[in-house]
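Student: Right, I'll just put the structure down here and ask away after.
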Amino acid sequence: MMIRYFATVILILGISDVLKAQGCSDAGICQLEGLSQRSSYRVNELQSEARIGAAIGKADHGIAVYNAFLEYNRKINNHFKVELRFTMLAQHGIGISASGLSDFYFNGIWKLWKGGGINFGMKLPLSNGNRKLNGVSLPMDFQSSLGTLDGFIGIHHQPGKLTLSSALQYPLTQNKNQFFASQYPTSSEISSFQSTAGFERSPDWLGRISYSFEIGSSLQLIPGLLTIYHLTNDRYVDLSGVRRSIDGSSGVTANINLSAVLQIGNQGQIVLQSGIPMLVRKSRPDGLTRSFVAGLEYRAMF
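Take the sequence shown: its letter number 49 is residue 64 in my numbering, and every next letter is one higher.
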């Protein structure tokens with residue numbers, strides 16, 4: 016039943032596949048506890064939760080993107096819990112394949128009132144964002160991480176089946192990328208990519224709203240809207256050493272998300288997730304572009 020409902024909605028939403036939007040697989044915080052679409056079936060009195068999952072997405076230039084994660088949550092007391100998350104990423108397209116570790120996340124969730132509280136934490140890069148091919152830097156589209164150390168703070172509230180969340184993700188450092196499109200021959204599709212040498216990434220503001228619909232005693236469908244506002248234009252350093260703004264890289268992207276959650280007893284869940292863009296930024300040099308994302312994960316509470 017879960018697959019039938021999920022497939023029906025994906026088919027309907029699939030007409031938007033021609034659009035492109037900022038994905039959330041790399042910037043990352045929209046998948047963290049308190050800021051993501053989570054099921055109200057969760058058994059909150061249990062002390063720990065482990066999650067494992069994988070997803071596939073379609074990026075610019077026909078690049079296929081595969082990502083996976085491992086996660087552990089631990090309830091410290093009735094007001095505080097911590098989340099540890101490791102991510103990895105692989106890309107394949109235009110004759111290039113790349114893969115590697117992405118980021119490690121530490122997320123603190125502090126419950127301040129019934130159904131809500133704040134998030135705070137950091138994203139630590141597990142690569143520097145400057146993977147090379149034959150000694151020449153690749154664009155951000157083929158990097159497994161943004162390569163930035165980020166801090167974030169957010170707020171979340173869940174009144175009943177409605178979930179609301181908002182957060183700011185701020186780069187504390189920048190990456191080591193040295194990609195110049197002009198270093199590739201004009202016969203290479205990479206020569207048309209945006210140069211990102213000395214890449215300086217802008218902060219992101221995230222806003223999310225979702226609602227949970229119960230389908231029987233063990234299945235939930237959770238549609239939602241995720242907006243990501245890239246606060247200012249990103250910048251790079253050109254061949255003459257001048258730092259330049261990347262026009263059109265600031266602005267809002269909006270994504271429609273759908274989760275289908277199947278409860279397995281009191282301590283397990285299987286989750287199918289998907290997302291597509293409805294509103295886009297003109298330029299997305301960070302390599303986070305996705306026209307479609309679908310994922311599967313398993314959660315165990317103990």
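All C-beta atoms in this analysis are idealised placements derived from N, C-alpha and C, irrespective of residue type, glycine included. Predicted, not measured: the structure shown is a model, and the values here were computed from it.
(1) Pull up the distance between the alpha-carbon of Ser-225 and that of Asn-134, whole angstroms please.
(2) Is the separation between the beta-carbon of Ile-67 and that of Leu-47 shorter than 7 Å?
(3) Which same chain residues end up closer than 7 Å to Gly-166 when comparing Cβ atoms and leaving out the 5 residues on each side of it in sequence?
(4) Exposed or buried, which one is Leu-254 when buried takes at least 16 other CB atoms within 10 Å?
(5) Run through the DSSP bridge pairs and tell me what Asn-82 is partnered with.
(6) Sort Pro-300, Ser-265, Leu-240 by Cα distance to Leu-161 and report the nearest one.
(7) Is Asp-118 buried or exposed, if buried means 16 or more other CB atoms sit within 10 Å of its CB?
(8) Express the C-alpha separation of Ala-196 and Glu-64 in angstroms, rounding to a whole number.
(9) Work out the CA separation of Val-97 and Ile-168 for me, nearest whole Å.
(10) Suppose the cutoff is 8 Å on Cβ atoms and the five residues either side in sequence are ignored; what does the same chain contact list for Tyr-313 look like?
(11) When you compare only the Cα positions, how much space is there between Asn-248 and Asn-88?
(12) Using 7 Å as the threshold, is the C-beta distance between Ala-318 and Gln-193 below it?
(13) Runs of 3 residues minimum, wholly inside the stretch 204 to 237: which ones carry the beta strand (DSSP E) assignment?
(14) Helix or strand or just coil, what does DSSP make of Ile-124?
(15) Give the DSSP bridge partners of Ala-65, in chain order.
(16) Start and end of the beta strand (DSSP E) containing Met-155?
(17) Short of 8 Å in beta carbon distance, which residues of its chain neighbour Arg-146, apart from the five on each side in sequence? Order them along the chain.
Tutor: With the given structure in hand:
(1) Looking up residue 225 in the sequence shown gives position 210. Looking up residue 134 in the sequence shown gives position 119. Each residue's Cα considered, the two are about 18 Å apart.
(2) The residue you call residue 67 lines up with position 52 of the sequence shown. The residue you call residue 47 lines up with position 32 of the sequence shown. Going by C-beta atoms, Ile-67 is not nearer than 7 Å to Leu-47.
(3) Numbered from 1 along the sequence shown, position 151 holds the residue referred to as residue 166. Met-137, Tyr-185, Leu-187, listed in sequence order.
(4) For the purposes of this step, residue 254 is taken as the residue at position 239 of the sequence shown. So Leu-254 counts as exposed.
(5) To locate residue 82, count along the sequence shown from 1; it is residue 67. Answer is Ala-70, Leu-104, bridged to Asn-82.
(6) Taking the first residue of the sequence shown as 1, we reach residue 161 at position 146. Considering only alpha carbons, the answer is Pro-300.
(7) Start at 1 with the first residue of the sequence shown, and residue 118 comes out as number 103. Buried, since its Cβ has 16 or more Cβ neighbours within 10 Å.
(8) Taking the sequence shown and counting its residues from 1, the one referred to as residue 64 is at position 49. Taking the sequence shown and counting its residues from 1, the one referred to as residue 196 is at position 181. One Cα belongs to Glu-64, the other to Ala-196, and the distance between them is close to 44 Å.
(9) Numbered from its first residue, the sequence shown carries residue 168 at position 153. Numbered from its first residue, the sequence shown carries residue 97 at position 82. Ile-168 and Val-97: Cα-Cα distance of roughly 14 Å.
(10) In the sequence shown, the residue the question calls residue 313 occupies position 298. Hits under 8 Å: Arg-66, Ile-67, Gly-68, Gly-283, Gln-284, Ile-285, Val-286.
(11) As a position in the sequence shown, residue 248 is number 233, starting the count at 1. As a position in the sequence shown, residue 88 is number 73, starting the count at 1. Looking at the two C-alpha atoms, the distance is approximately 35 Å.
(12) As displayed, the chain neither begins before 16 nor continues past 317, which places residue 318 out of reach and without an answer.
(13) 219 to 226, 228 to 230
(14) Taking the first residue of the sequence shown as position 1, residue 124 is located at position 109. In this structure, Ile-124 counts as strand in the three-state DSSP scheme.
(15) Numbered from 1 along the sequence shown, position 50 holds the residue referred to as residue 65. Its beta-bridge partners are Tyr-87, Ala-315.
(16) Numbered from 1 along the sequence shown, position 140 holds the residue referred to as residue 155. No beta strand (DSSP E) holds Met-155; DSSP gives it neither H nor E.
(17) Position 131 of the sequence shown, counted from the first residue, corresponds to residue 146. Cβ within range, chain order: Ala-113, Gly-115, Ser-152, Leu-153, Phe-157, Gln-158, Ser-159.
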